[in-house]
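Novice:
2 protein chains.
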Amino acid sequence: MISNSRAAYHLHDHRRCVGAALAEARHRCAAARARLTPIREAVLRLIWESHRPVGAYQILRELPRHLGRSVQPPTVYRAIDFLVELGLVHRIATLNAYLGCPFPGREHSELFLICNQCGATAEVGDEALNAALAETVRKAGFRHHSQRIEITGLCPACAEQS
Amino acid sequence: MISNSRAAYHLHDHRRCVGAALAEARHRCAAARARLTPIREAVLRLIWESHRPVGAYQILRELPRHLGRSVQPPTVYRAIDFLVELGLVHRIATLNAYLGCPFPGREHSELFLICNQCGATAEVGDEALNAALAETVRKAGFRHHSQRIEITGLCPACAEQS
DNA sequence: TGTGAAACGTTATATTATTGCAATCAGTGC
DNA sequence: GCACTGATTGCAATAATATAACGTTTCACA
Ligand SMILES: [Zn+2]
Ligand SMILES: [Zn+2]
Ligand SMILES: [Zn+2]
Ligand SMILES: [Zn+2]
Numbered sequence: 001m002i003s004n005s006r007a008a009y010h011l012h013d014h015r016r017c018v019g020a021a022l023a024e025a026r027h028r029c030a031a032a033r034a035r036l037t038p039i040r041e042a043v044l045r046l047i048w049e050s051h052r053p054v055g056a057y058q059i060l061r062e063l064p065r066h067l068g069r070s071v072q073p074p075t076v077y078r079a080i081d082f083l084v085e086l087g088l089v090h091r092i093a094t095l096n097a098y099l100g101c102p103f104p105g106r107e108h109s110e111l112f113l114i115c116n117q118c119g120a121t122a123e124v125g126d127e128a129l130n131a132a133l134a135e136t137v138r139k140a141g142f143r144h145h146s147q148r149i150e151i152t153g154l155c156p157a158c159a160e161q162s
Numbered sequence: 163m164i165s166n167s168r169a170a171y172h173l174h175d176h177r178r179c180v181g182a183a184l185a186e187a188r189h190r191c192a193a194a195r196a197r198l199t200p201i202r203e204a205v206l207r208l209i210w211e212s213h214r215p216v217g218a219y220q221i222l223r224e225l226p227r228h229l230g231r232s233v234q235p236p237t238v239y240r241a242i243d244f245l246v247e248l249g250l251v252h253r254i255a256t257l258n259a260y261l262g263c264p265f266p267g268r269e270h271s272e273l274f275l276i277c278n279q280c281g282a283t284a285e286v287g288d289e290a291l292n293a294a295l296a297e298t299v300r301k302a303g304f305r306h307h308s309q310r311i312e313i314t315g316l317c318p319a320c321a322e323q324s
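Top to bottom, those sequences are chains A and B.
Residue numbering for the first sequence follows our numbering, starting at 1 and increasing by one per position.
Residue numbering for the second sequence follows our numbering, starting at 163 and increasing by one per position.
1) So if I threshold CB-CB distances at 8 Å, which residues from the stretch 118-136 of chain A count as touching chain B?
2) Is it the case that the Cβ atoms of A:Leu63 and A:Ala97 are separated by a distance below 8 Å?
3) Pick from A:Ile2, A:Trp48, A:Arg40: whose alpha carbon is nearest that of A:Asp13?
4) Is the Cβ of B:Cys179 closer than 8 Å to any Cβ of chain A?
5) Where A:Arg78 and A:Gln72 are concerned, what is the direct C-alpha to C-alpha distance, given to the nearest angstrom?
6) Can you look up A:Ser109 in the DSSP assignment and give me helix, strand or coil?
7) Below 7 Å, is the gap between the Cβ of A:Cys118 and the nearest heavy atom of ligand 3?
8) Name the residue from B:Arg197, B:Thr237, B:Leu229, B:Asn278 whose alpha carbon lies nearest to the alpha carbon of B:Thr314.
9) Could you work out which residues of chain A lie near B:Phe265, taking near to mean beta carbons separated by less than 8 Å?
10) The beta strand (DSSP E) spanning A:Ala166 covers which residue range?
11) Please return the same chain residues whose Cβ sits closer than 6 Å to the Cβ of B:Ser167, not counting the five positions on each side in sequence.
12) Roughly how many whole angstroms lie between the Cα atoms of B:His172 and B:Ala319?
13) Note down, in chain order, every chain B residue with its Cβ under 8 Å from the Cβ of A:Gly68.
14) If we cut at 8 Å on Cβ distances, does A:Pro73 have a partner in chain B?
15) Can you give me the C-alpha to C-alpha distance between A:Cys29 and A:Ser146, rounded to a whole angstrom?
16) Grab me the residues of B:Arg207's own chain with a C-beta within less than 6 Å of its C-beta, minus the 5 sequence neighbours each way, in chain order.
17) Whose C-alpha, out of A:Ile39, A:Gly55, A:Asn130, is nearest the C-alpha of A:Ser109?
18) Taking the straight line between their C-alpha atoms, what separation do you get for B:Arg178 and B:Ala185?
19) Give a yes or no on whether 8 Å exceeds the smallest Cβ distance from A:Pro64 to chain B.
20) Throw me the rounded Cβ distance for the A:Phe112 and A:Ile149 pair, which I believe falls under 8 Å.
21) Run down chain A in chain order and give the residues with a C-beta less than 7 Å from the C-beta of B:Ser165.
22) Using the beta carbon as the reference atom, which residues fall closer than 6 Å to any heavy atom of ligand 3, ordered along the chain?
23) Have a look at B:Arg305 and B:Arg231 and give me their C-alpha separation to the nearest angstrom.
24) Can you list the residues of chain B that A:Ala93 reaches, using a CB-CB cut of under 8 Å?
25) Just the C-alpha distance for A:Ala34 and B:Arg214, rounded to the nearest angstrom, thanks.
26) Should B:Gly262 go down as buried or exposed, given a rule of 16 or more other Cβ atoms within 10 Å for buried?
27) Can you pull the DSSP bridge partners for A:Cys115?
28) Skipping 5 residues on each side, what residues in its chain have a beta carbon closer than 7 Å to that of B:Ala187?
29) Which ranges does the alpha helix (DSSP H) cover as unbroken runs of at least 4 residues, wholly within the stretch 58-98 of chain A, from first to last along the chain?
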């Protein structure tokens, strides 16, 4: 099992999260012969400002802080699509929002733990869970392409307060 | 494990699906002292015309067929919200669409198998899977309130053709 | 330096969902 | 029956999210 729940829900050195995400982004772009343009990097940095999913129009509003100028919706959506395509960012469908992937390219369950108190969202990958899910799906006669698991509840930090 | 994949993906007597859904709706409304008004019933019937999720504005466009007159978006959304609240309908977040629940009130995994060829979508409930998922979530220190699992791929019927 | 594909700018529009308030309706107690 | 009350619906406007279409610029590569 792989998870970033420690970082997502507790005080930590978030600069390391950002640094790792950017390094990984550069690495994966190079590997895919794709370009991490200023706009794409600015969007990625903005998404990585927290462990909370960010909406496209929030990105649109706040991008000038990172980019020095404003852009139009298609530009933001193109950057998001690019980052999602490369596996650097996930779309959280129930929130219509986007979240940086803490471990691009590694074992994935597309499993997200969304705190509905503070909004912090962790990602978990679990091989055993994937196997159980695949088996359930297979029993239904279904050919499995992609999956997405969104859990809402209380993160450890918020649960402690209540 | 409970599933409606047989019905969802193959030829069957769909009138039975509709009849069961309506009977269940009446039953649950009575139990909750809620009213299955003509609008709500028409929306439920429309959603149950197939095993494919239906968008809110598609419902809006087609509702006159069932209701004899047209309505405005808030009316449709209110009816949908009511049906979702009662567990008679599920929202498929990745499609922004709504699907009738084949077994309201029973064991739920909120697990949907969406065929991206024909659009037919089955629902599965699996206690073992729920347990595995709950355990994974618990290990991350998260307090689990609700879940939603959306799988895309090929249904048995479409897989056979390819 | 040319050249083609990728990236971006710009305008407009599509799609999905909600707010706020007034009018109406259904049941309840008298 | 009749007033009261909360639920439901009508209606107009608007918010929030996402995409289409097309021209221009940029950039890797030859
Ligand atoms: Zn962090
Ligand atoms: Zn990820
Ligand atoms: Zn059916
Ligand atoms: Zn269901």
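Glycine residues also receive a C-beta, built at the ideal position from the N, C-alpha and C atoms.
Specialist: Working from what's here:
1) Ala122, Val124, Asp126, Ala128, Leu129, Ala132, Leu133, Thr136
2) Here residue 63 of chain A is taken as the residue at index 63 of the first sequence, counted from 1. Here residue 97 of chain A is taken as the residue at index 97 of the first sequence, counted from 1. Taking 8 Å as the Cβ cut-off, A:Leu63 and A:Ala97 do not qualify as a contacting pair.
3) Looking up residue 13 of chain A in the first sequence gives position 13. For A:Asp13, the nearest C-alpha among the options comes from A:Trp48.
4) Your numbering for residue 179 of chain B matches position 17 in the second sequence. It does not; no Cβ of chain A falls within 8 Å.
5) Position 78 of the first sequence holds residue 78 of chain A. Position 72 of the first sequence holds residue 72 of chain A. One C-alpha to the other measures close to 10 Å.
6) The count along the first sequence starts at 1 and reaches residue 109 of chain A at position 109. Assignment of A:Ser109 by DSSP, reduced to helix, strand and coil, places it in the coil class.
7) As a working mapping, residue 118 of chain A is identified with position 118 in the first sequence. Incorrect: A:Cys118 has no Cβ contact closer than 7 Å to ligand 3.
8) For the purposes of this step, residue 314 of chain B is taken as the residue at position 152 of the second sequence. Closest option to B:Thr314, Cα to Cα, is B:Asn278.
9) Along the second sequence, one-based indexing puts residue 265 of chain B at 103. From the beta-carbon of B:Phe265, no residue of chain A is found nearer than 8 Å; the closest lies around 14 Å away.
10) Past the boundaries of the shown model lies residue 166 of chain A; chain A is included only from 1 to 162, so the question cannot be answered.
11) As a position in the second sequence, residue 167 of chain B is number 5, starting the count at 1. So the list reads Ala284, once near-sequence residues are dropped.
12) Position 10 of the second sequence, counted from the first residue, corresponds to residue 172 of chain B. Position 157 of the second sequence, counted from the first residue, corresponds to residue 319 of chain B. So the two alpha carbons sit approximately 7 Å from each other.
13) By one-based count along the first sequence, residue 68 of chain A stands at place 68. Here the premise fails: no neighbours, minimum Cβ distance about 34 Å.
14) Position 73 of the first sequence holds residue 73 of chain A. Not an interface residue.
15) Looking up residue 29 of chain A in the first sequence gives position 29. Looking up residue 146 of chain A in the first sequence gives position 146. C-alpha separation (whole angstroms): 22 Å.
16) In the second sequence, counting from the first residue as 1, residue 207 of chain B sits at position 45. The beta carbon of B:Arg207 sits closer than 6 Å to those of His228, all from its chain and outside the five residues before and after it, given in chain order.
17) In the first sequence, residue 109 of chain A corresponds to position 109, counting from 1. That would be A:Asn130, whose Cα lies nearest to the Cα of A:Ser109.
18) Here residue 178 of chain B is taken as the residue at index 16 of the second sequence, counted from 1. Here residue 185 of chain B is taken as the residue at index 23 of the second sequence, counted from 1. B:Arg178 and B:Ala185: Cα-Cα distance of roughly 10 Å.
19) Here residue 64 of chain A corresponds to residue number 64 of the first sequence, with the count starting at 1. It does not; no Cβ of chain B falls within 8 Å.
20) Residue numbering aside, residue 112 of chain A sits at position 112 when the first sequence is read from its first letter. Residue numbering aside, residue 149 of chain A sits at position 149 when the first sequence is read from its first letter. Contact holds; Cβ gap of about 7 Å.
21) Numbered from its first residue, the second sequence carries residue 165 of chain B at position 3. Within chain A, the residues near B:Ser165 are Ala140.
22) Ordered by chain, the residues meeting the criterion of a beta-carbon within less than 6 Å of a non-hydrogen atom of ligand 3 are B:Ala169, B:His174, B:His176, B:Cys179, B:His213.
23) Here the question's residue 305 of chain B lines up with position 143 in the second sequence. Here the question's residue 231 of chain B lines up with position 69 in the second sequence. So the alpha carbons of these two residues sit roughly 45 Å apart.
24) Here the question's residue 93 of chain A lines up with position 93 in the first sequence. What A:Ala93 touches in chain B: Ala255, Thr256, Glu312.
25) For the purposes of this step, residue 34 of chain A is identified with residue 34 of the first sequence, where counting begins at 1. For the purposes of this step, residue 214 of chain B is identified with residue 52 of the second sequence, where counting begins at 1. So the alpha carbons of these two residues sit roughly 37 Å apart.
26) Within the second sequence, residue 262 of chain B is the residue found at index 100, counting from 1. When all chains shown are included, B:Gly262 counts as buried.
27) Locating residue 115 of chain A in the first sequence gives position 115, where the first residue counts as 1. A:Cys115 pairs with A:Gly153.
28) Residue 187 of chain B sits at position 25 when you count from the first residue of the second sequence. If we look at B:Ala187 and ignore the five residues flanking it on each side, its Cβ neighbours are Leu198, Leu206, Leu250.
29) Positions of the alpha helix (DSSP H) runs, each at least 4 residues long and wholly inside the stretch 58-98 of chain A, are given as 73-85 in order along the chain.
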